[in-house]
């Protein structure tokens, strides 16, 4: 691990990386679709969380022409212990980036796109206006594409930052809680659990029709009772869609894997979450926030229609 990529982790002792079980091993990306997606993204000078965060599903998703665009650069102002995105001082915003993202969305023929970003605590609005400009650019170039944003927490911004993003009308507003409250000091030290929860609740207050979504990782040291409590907290904030996936340790300097959660336990979490009233749940070892996001959005929308029909 280059020291300059994660300077905040360089002093940490190496953590043993346990061998992955058979149920979370994936094939190397070699398909033609993967190469075509990679070339379009490269030619448009775009970053993706698929690469920067070392997502295990990159081969499958890119092979089907799906990618999660990461705007506002490749350098994050925070250093969460689980994350493989580089930490440091980001560059200035690229005013042409929203247009390049929209061009890539059009060329890839995406029916659904996920737009995420690094944390930009160096900006007064946390990058909210850049999110809004990207949403508007995609609406202009690819009007039939549905848009999902996966935003930072805007912790150091005023309330207007969230309003700017919501007013741009993404179809889904996603912000991940990542883990249980008790692990925040070691896993997500720059964030605040109840602030993130309140952010998602406020989205619904600003626009009750907007779908909200959040996700957590398991295998960091939490227990099942804590996971079920997060589900209750999310439902109290009227969150529609929950994702749960296995944490995978990017390097020996990152937070260690406490254990590998079994597929049977994931099924139990899925059943419990649907029982608590979520419209959509994705809980598997390889689940990530934007994994199968397009197909899941179609199911999410249908679930709301079904629920309204029963009312």
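In the numbering used here, the protein residues as written are 76 to 386. Ideal placement from N, C-alpha and C gives every residue a C-beta, glycine not left out. Everything numeric in this text was worked out from a predicted model, so none of it was measured.
Within 10 angstroms of the beta-carbon of residue 97 lie fewer than 16 other beta-carbons, which makes it exposed.
With contacts defined by Cβ atoms closer than 8 Å, residue 217 and residue 176 do not form a contacting pair. Around residue 330, the same chain offers 90, 156, 157, 261, 262, 295, 322, 324 as residues with beta carbons nearer than 8 Å, after the five sequence neighbours per side are excluded. A straight line joining the alpha-carbon of residue 250 with that of residue 226 spans about 5 Å. Leaving aside the five residues that flank residue 150 on each side, the residues in its chain whose CB is nearer than 6 Å to its CB run, in chain order, 161, 163, 165.
Only residues of its own chain outside the window of five on either side were considered, and among them 131, 321, 323, 335, 360, 361 have a CB closer than 8 Å to the CB of residue 99, listed in chain order. Straight across, the Cα-Cα distance linking residue 242 with residue 88 is about 45 Å. For residue 321, the enclosing beta strand (DSSP E) stretches over residues 316–321. In its chain, beyond the 5 residues on either side, 272 have a beta carbon closer than 7 Å to the beta carbon of residue 308. Beta-bridge annotation (DSSP): residue 253 is paired with 291. DSSP, read as helix, strand or coil, puts residue 215 in helix. Spanning the alpha carbons of residue 236 and residue 286 requires a straight line of approximately 18 Å.
Secondary structure at residue 187: strand, using DSSP grouped into helix, strand and coil. Approximately 6 Å separates the beta-carbon atoms of residue 206 and residue 224; this is inside 8 Å, confirming the contact. For the 8 Å CB-CB criterion, residue 292 and residue 254 form a contact. Shown here for residue 187: same chain residues with a beta carbon closer than 7 Å to its own, the five before and five after excluded, namely 220, 221, 223, 368, 369, 372 in chain order.
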